[in-house]
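Visitor:
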Amino acid sequence: MPAIPRPAARRCRLSPRTPRAVRPRAGVRAGLGVLVLTLWALGLAMLGAAPLAAAPALAQGAAQVAAQAGSHTGAHGGGEAADPDLAPAVPDPALAAALFGLPQGTLPTLTRIDAPVPGWRAEAQGAVLGLIGSTWELVGSTGYSSRPLDVLVAVTPEGRVAGARLMRHAEPVLTLGISDADIAAYVDGFAGYDTAHPAADGAGLPPVISRATISTGVIRDGILRAARILAGAQGLGAGGIDRVAYAPADWPALEAMGALAHVRVSMAEAAAALPTAAPPITPSDAPWFEMWTGLADTPTVGRNLIGQAALTEAAGALGPGQALLVVLSRGLQSHRGTGWQREGRFARIEITQGDVRLTPAAADYTQLAGLPIAGAPELKERSVFRINADPAAGGIDVTQPFRVTVLTPRAGVGGETLTLPVSAEVTLPAAFRLAAPAPEPPLWQQFWWQKRHQVAVVGAMLGVLGLILFAQEWIVRRHRLWLRLRTGYLLLTLLVLGWWLGAQLSVVQVIAFLHALLLGFRWENFLIAPLIFVLWGAVALGMLFWGRGVFCGWLCPFGALQELLNQAAQRIGIRQIAVPQALHERLWVIKYTLFVALVALSFYSMERALVMAEVEPFKTAISMRFLRAWPFVLYAVALLTAGLFIERFYCRYVCPLGAGLALPAKLKVFDWLKRRPQCGRECRLCETKCTVGAIDPLGRINANECVLCLRCQVIMNDETTCPVLKRRSRGGAPEGGGGGGFKAPPIPPAPPPVRPTQVPSGAHDGAAAPVARAEGDSDQKHAAGGAQPPAFRNQRVTP
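For what it's worth, the UniProt record's numbering labels the leading residue of the sequence shown as 1, then goes sequentially.
1. In this structure, how does DSSP classify residue 829 when only helix, strand and coil are distinguished?
2. Count the other CB atoms within 10 Å of the CB of K591; is the residue buried (16 or more) or exposed (fewer)?
3. Residues in its own chain within less than 6 Å of P2 by CB, not counting five upstream and five downstream?
4. What residue from G133, A122 and G140 has the CA that sits closest to G520's CA?
5. Please identify the residue among D364, P409 and P723 whose C-alpha is closest to the C-alpha of R681.
6. Any Cβ of chain B within less than 7 Å of the Cβ of L418?
7. Restricting to Cα atoms, I'd like to know which of I532, R330 and H262 is closest to S423.
8. Just confirm the distance between the C-beta atoms of I577 and I646, as a whole number of angstroms; I'd bet it's less than 8 Å.
9. With a 10 Å radius around its C-beta and 16 neighbouring C-beta atoms as the bar for buried, classify V398 as buried or exposed.
10. Where does F545 sit, in a helix, a strand or coil, going by DSSP?
11. Can you tell which of T142, A98 and G105 has the C-alpha that lies nearest to the C-alpha of W523?
12. Where DSSP assigns a beta bridge to residue 808, which residues make up the other side?
13. For L601, which residues in the same chain have their Cβ closer than 8 Å to its Cβ, ignoring the five residues on either side in sequence?
14. Take the Cβ of G395 as the centre, count every other Cβ of all protein chains shown within 10 Å, and call the residue buried at 16 or more, exposed below.
15. Might you give, ordered along the chain, the residues of its own chain that have their beta carbon closer than 7 Å to the beta carbon of A621, omitting 5 neighbours on each side?
16. Within 10 angstroms of its Cβ, does Q581 collect 16 or more other Cβ (buried), or is it exposed?
17. For Q570 and R728, I'd like the C-alpha separation in whole angstroms.
18. Expressed to the nearest angstrom, what Euclidean distance is found between the alpha-carbon atoms of L254 and A374?
19. Starting from Y365, trace the beta strand (DSSP E) in both directions and tell me its first and last residue.
20. Nearest by alpha-carbon distance to E381: which of R330, R403 and C706 is it?
21. Would you identify the three-state DSSP class for A245, choosing helix, strand or coil?
22. What residue range is occupied by the uninterrupted alpha helix (DSSP H) comprising residue 803?
23. Go to residue 827, then tell me how far its alpha helix (DSSP H) extends in each direction, as first and last residue.
24. Roughly how many whole angstroms lie between the Cα atoms of P248 and L328?
25. Going by DSSP in three states, A424 sits in which element: helix, strand or coil?
26. Grouping DSSP H, G and I as helix and E and B as strand, with all else coil, what is A268?
27. Cα separation between T641 and G105?
28. Decide yes or no for the touch test of the stretch 450–457 against the stretch 696–703: beta carbon pairs closer than 8 Å, at least 3 of them.
29. Do you know offhand how far C709's Cα is from R648's?
30. Mapping the DSSP letters down to three states, classify G498 as helix, strand or coil.
31. If contact is defined by three or more beta carbon pairs under 8 Å, each pair taking one atom from either stretch, is the stretch 408–427 in contact with the stretch 275–282?
32. Just to confirm the assignment: which complete alpha helix (DSSP H) runs, minimum length 4, are found wholly within the stretch 655–696?
33. Ignore the nearest five residues each way along the sequence and tell me which others in F402's own chain have a CB closer than 7 Å to its CB.
34. May I ask which residues mark the beginning and end of the beta strand (DSSP E) holding residue 810?
35. Contact defined as beta carbons within less than 8 Å: I believe P157 pairs with G321. What is the distance between those atoms, to the nearest angstrom?
36. Can you list, in chain order, the residues of its chain with a C-beta nearer than 7 Å to that of A127? Leave out the 5 residues immediately preceding and following it.
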């Protein structure tokens, strides 16, 4: 049968205002190539300028850390952030002096300690300045990028933050979006903060940096947690001593509250314990040694027990990390002895806590002439000692129980010295402890509470989008309703999600997720961004049902900006460029190459990958609203300008995030976009009107490129636009029928088959004989009849 000629593809306008696409000629093709090359040149110029915008202070700090921590960068070939065992930042004397605010030219001495917490003890002019710790070492602080975020924090013995310095980070916003001065000012704002105050009220804390609330919140959380650990290591924080509150009390009251530990050994007990003493000990009920001991630097104990004047004198001599211990005794034995002046220490007294053993020095001793407190017993000796209460400096933790032991000597029969230790356990009463601050909720819970209203707005938008997609069969039959819903939702996405809430998803988050899966996944790293977390959850669910178009076509603010600008361009008559299908498909390689390159580079150097991720104009156009350096703005404007002539130019050919989403989108369960058998064969209108060129010449929809705008569904259901429905309408349509009410005309029955007749005997004999020419026959008919034997003429055979 002769081949049926294929009808020419019909082009029809979606609306009277939509200009027809221009078929590219040679000049247009050359212009398109120049446009693509120009965009790439701008991108390279922007990436070249990006390191200039990075913070030089951070680079200097990173180099300093690398030099002091063993040149970790060189050992790993530039991939320092990929190592989960990254060494913490190491302070030098100059940095420590800056953190503690020492005068110029004064450098402290730094000593590395590992107990009770790892860090560095800073001392200057014989005084302890405090501790310096690394947030990466103390609390394992990581940023939103799942990479280490290291801040050196200095805390004084009084529990105040002396200073902080950001040493290493890989936060995408901080790398290029915020200046080094903003970062330094924010981190320096923690100086003077009292760790005893709750952070929930924000008192004494610097305000977060605008449009970087997540990253600055992570920095704040790491600094505060590390500062509390360092303060607790110096005997402060939860369970510390209350040196402010005072209540009058007498001797029995102090004993009742446990402020004074008491121990008594009688002569009879001593005689039993030292049977070889010479001369022998006479057993009796008289005290061999009786002792009361306790901490005296709390006002309730000190002022009541030894008096305000004595307490002021003793406390005035206290150094950082010291506490006052009072020892009161009577009996035959003495807790001071007689050799302390000669030896310079009180050898009879031992203060122990675990493996820590202290002996009071003679310089730390104050003798009391008497006690002003009522109800006190008659005492033989009254002493106050300054003891080391800094665990970081080898002292005891006064908030934990410790023992005071006095060695009572006696001569033996053989001339040897016998010793009877008498010990009392000292425990800080609960009334003298600082109330532990209420535990603060995790940082991600704080962010969710702060963003609860914004989360509700995003949830409402996602609910509306779900209704649109589930009701698409009903919506696409109503062209005006679809157009209004589509345009209105894109405006909401741009204005609300993008420029108001800053909820623009990025390929950086995809890379961070991949790194988290490999380096140790923590939900907290992603929950700290509530809006981004909610959007990614919706996008993941949408990819399972509809594909990547849920985000790319509806929830991407930059994509919405491109489409809205292109609509405006078409309304004012800007002619559109139809990219040839062959070139169109080959340009897809750009975005997939970019995505693979970004992922691969991130495993070599996250910092360089974040710089390369500036190929996304999202931060410039959406997060920072074009308030950036001119190379970034020029690049974003160039992409938007290209989108005026080629709808969604960036989405089609450059977007690495779209490429990354296209890979898992292949796993979608449902396919709710309808096609007809005539699509691509008899009509190619949907192909020419597709927003991103996701329909091939055969009428098939490429799920990797489709943004789910539903335009093709509207066209094929519009009886005034779809050529197939127009033909059906001309063939007779039921009254009032819509686009879906037309029925194709019935297919006519097939004609009977044509078969050649059997060749009868002798048929060829007459073929060569001349045929008589009947009168009136034409020469052409005569020649045709004579050239073909009757046996070879086709005849219809009725089956």
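Positions of the beta carbon are idealized from the N, C-alpha and C atoms, including for glycine.
Guide: According to the structure data:
1. No answer is possible for residue 829: it lies beyond the span of the chain, which begins at 1 and ends at 799.
2. buried
3. With a pLDDT of only 44 at P2, under the threshold of 50, the placement of this residue in the model should not be trusted, and no figure is reported.
4. G140
5. P723
6. Judged by its chain identifiers, the structure shown contains no chain B, having just a single protein chain.
7. H262
8. I577 to I646, Cβ: 5 Å. Contact.
9. buried
10. Look at F545 here: in three-state DSSP terms it is helix.
11. T142
12. This structure cannot settle anything about residue 808, because the visible part of the chain is limited to 1 through 799.
13. So the list reads R608, A609 and M612, once near-sequence residues are dropped.
14. Buried, since its Cβ has 16 or more Cβ neighbours within 10 Å.
15. F558, L561 and A636
16. Exposed, by the Cβ-count rule.
17. Between the C-alpha atoms of Q570 and R728 there is a straight-line separation of about 30 Å.
18. 11 Å
19. Y365 to Q367
20. R330
21. coil
22. The chain is shown only over 1 to 799; residue 803 falls outside these bounds and no answer can be derived.
23. Residue coverage of the chain in this structure runs from 1 to 799, which leaves residue 827 outside it and unanswerable.
24. 20 Å
25. If DSSP states are grouped into helix, strand and coil, A424 belongs with the strands.
26. helix
27. It is roughly 57 Å from the alpha-carbon of T641 to the alpha-carbon of G105.
28. no
29. 12 Å
30. helix
31. yes
32. 656–662 and 685–689
33. I351, T352, Q353, I396 and V426
34. Beyond the ends of the chain as shown, which are 1 and 799, falls residue 810; an answer cannot be given.
35. 5 Å
36. Once the five neighbours on either side are set aside, the close Cβ partners of A127 are G319 and P320.
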